[in-house]
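S.K.:
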Amino acid sequence: MIQGQLRSGFGLRRGVERGCPMLPCRPPVSRRVVTRAEPSTGSSGDKEFTSLAPLKPKTPYGEMLQFYLKMQPELFRTAVETQLDRLKSEKEDRDAKRASSATPSDPTNPTQLNQADLALYRRMEEVRAGEMRATLEDLMYVSILEKFVGLGLELLPRMEAFVDAGNINLKALTEGVHSREALELVREHLLGVMGPAAQAQFSSAYIKTSRFQMAQMYAASILFGYFLRRVDSRFQLERVAGTLPEERGDTVARLEKLFSQADAQDLVADESSSTTSKTVSSASETSSKAEPPPSSSSSDAKQEKGVTAADFVSGGDSSSVPASKRKSALRRYVESFDQATMLDTARVVSAEGSQLVERQTGALLGDIKTLTQQVQDVVGRDAKDMQEVMTRMAKAVEKDEIETLTMSVGTQRRAVLEAVAFGSFLREVETHVRDEYGLLTVRSTPLLE
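Here the working numbering is used: the first residue of the sequence shown is -9, the next is one more, and so on.
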């Protein structure tokens, strides 16, 4: 389940640092299966909807909405809202009936059902609830696709042995999705999960990795994007409300600036009786003391610019940024969380959202349970430490004893950034469905334990 994926995902960075089996290699010359992110055509000549995403809808409503998104996008949003309204009305009707009548199992109810009818009634309720949840998942998924399409992006198709993703609009996948403050954390995540590969000089360099490891990386990146959007939304709200916690240095600097301005005003007022030339000269000197020098101002403006899409091309080099200037306000905000707040923010709120994380990862890379069992059968359970596990994994990848993927560094980078964007959009859609329609099934068990 997703809990296992996330635990494996957070262990991924640790594995990379200890020798993760992502091996540089040359692309296969013959008998290779190539996956290209290009729209395909069906027998009728129309573009197939699978070109938009690897995950197929569960319900006819999902298929209909993918058709609208692909062929008649002007009708898409209205169709989605109509279906959400329908689900909301059905939910309200069911809740009203339950509240206005006694339950079938109530012994005081004269119309009590027998055991066979009661079992059938309960089974019908379970089936209907399952249908509503499947429909809601499809509605949420196509709403996520709409956000990618709006940026001119398509999700990667299912990854096979050799993956060639083609060109991608990196600016749309980064600056088009995340705020300026969030981009710094996205870049750190990219460096963390890709390890040395993120520092490759050329994006066309090829690496070989296990399908299991790539699934871990993708699932962990979705969950990171979901967490990041929750944190960023909360950060922006507290910034507007003026309730952000400030570092001591920031508070002292602000007070000193206020005191300097107050002293300057007092000095000008005291010398108001002097000649005009003296007053202007005094105010000018005071202002020069209170304001920072131009070079410092330009440096702060440059720092304020933050991370851009260009910083993701070759992974960047964080060592070139001074430690005192490296942390953004959002990063400091996240570091101020206690453990309970961090765990609560990191968990996927709804059962539908959790299912979409698992289904999207499975559609792109395969069932995580099957891949985990495959790795366990090859690597074994008798490893003494993590270093031995990673060594065995590297040998298994090199000898193709487990399912592997060969892709360029640029393709892997795209997959990670796509997953982060997917998680961010998932949180946006989930929030909309919760606030406007109240249809989500809230998960009570935290994702992180």
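Each residue gets a CB set at the ideal place from its N, CA and C atoms; glycine is no exception.
#1: Where PRO230 and THR431 are concerned, what is the direct C-alpha to C-alpha distance, given to the nearest angstrom?
#2: Buried or exposed: which applies to MET130, given that a residue is buried once 16 or more other Cβ atoms fall within 10 Å of its Cβ?
#3: Check the C-beta distance from LEU160 over to ALA299 and give it rounded, since I have them as a contact under 8 Å.
#4: Among GLU348, ARG337, ALA319 and ASP367, whose alpha-carbon lies nearest the alpha-carbon of LEU173?
#5: Report all residues from its chain with a CB closer than 8 Å to the CB of VAL515; omit the five preceding and five following residues, and keep chain order.
#6: Can you tell me which of the three DSSP states ASP425 falls into?
#7: On the criterion of 16 or more Cβ atoms from any shown chain inside 10 Å, does ASP372 qualify as buried, or is it exposed?
#8: Any idea what DSSP makes of SER340, helix, strand or coil?
#9: Just confirm the distance between the C-beta atoms of VAL167 and SER414, as a whole number of angstroms; I'd bet it's less than 8 Å.
#10: As a quick exercise: from THR49, PHE152 and THR68, pick the residue whose alpha carbon is nearest that of THR396.
#11: Buried or exposed: which applies to ALA330, given that a residue is buried once 16 or more other Cβ atoms fall within 10 Å of its Cβ?
#12: With MET149 as the anchor, note down where its alpha helix (DSSP H) starts and where it stops.
#13: Span of the beta strand (DSSP E) holding ILE197?
#14: Per DSSP, what kind of secondary structure is ASP154 in: helix, strand or coil?
#15: When you compare only the Cα positions, how much space is there between SER200 and ASN157?
#16: Would you mind giving the Cβ-Cβ distance between SER340 and ARG224, rounded to the nearest angstrom? I have them listed as a contact below 8 Å.
#17: Under DSSP, the alpha helix (DSSP H) around SER90 begins and ends at which residues?
#18: Could you pull out every residue in the same chain whose Cβ sits closer than 8 Å to the Cβ of TYR427, ignoring the five residues on either side in sequence?
#19: Would you give the residue range spanned by the alpha helix (DSSP H) that SER133 belongs to?
#20: For LEU146 versus LEU354, is the C-beta spacing smaller than 8 Å?
#21: Based on the DSSP secondary-structure assignment, which residues constitute the bridge partners of VAL432?
M.R.: Here's the rundown:
#1: The question names Pro, yet the displayed sequence has Val at residue 230. In a straight line, the C-alpha of VAL230 is about 30 Å away from that of THR431.
#2: Label assigned to MET130: buried.
#3: Rounded, the Cβ-Cβ distance is 5 Å, consistent with contact.
#4: Answer by Cα proximity: ALA319.
#5: In the structure displayed, the chain extends from -9 to 439; residue 515 sits before or after that span and is not available.
#6: ASP425 falls in the helix class under three-state DSSP.
#7: Label assigned to ASP372: exposed.
#8: Assignment of SER340 by DSSP, reduced to helix, strand and coil, places it in the strand class.
#9: About 6 Å; that satisfies the 8 Å criterion.
#10: Looking only at THR49, PHE152 and THR68, the smallest Cα-Cα distance to THR396 is reached by PHE152.
#11: Exposed, because fewer than 16 other Cβ atoms sit within 10 Å of the Cβ of ALA330.
#12: Per DSSP, MET149 belongs to no alpha helix (DSSP H) and is neither H nor E.
#13: 196 to 200 is the extent of the beta strand (DSSP E) around ILE197.
#14: DSSP places ASP154 in strand when its eight states are reduced to three.
#15: Answer to the nearest angstrom: the Cα atoms are 23 Å apart.
#16: Contact flag wrong, Cβ pair sits at about 18 Å.
#17: Where SER90 is concerned, the enclosing alpha helix (DSSP H) stretches over 63 to 90.
#18: Same-chain partners within the cutoff: LEU74, ASP75, LEU77 and LYS78.
#19: Annotation: the continuous alpha helix (DSSP H) that includes SER133 extends over 105 to 140.
#20: For the pair LEU146 and LEU354, the CB atoms are nearer than the 8 Å cut-off.
#21: DSSP output for VAL432 lists SER340 as bridge partner(s).
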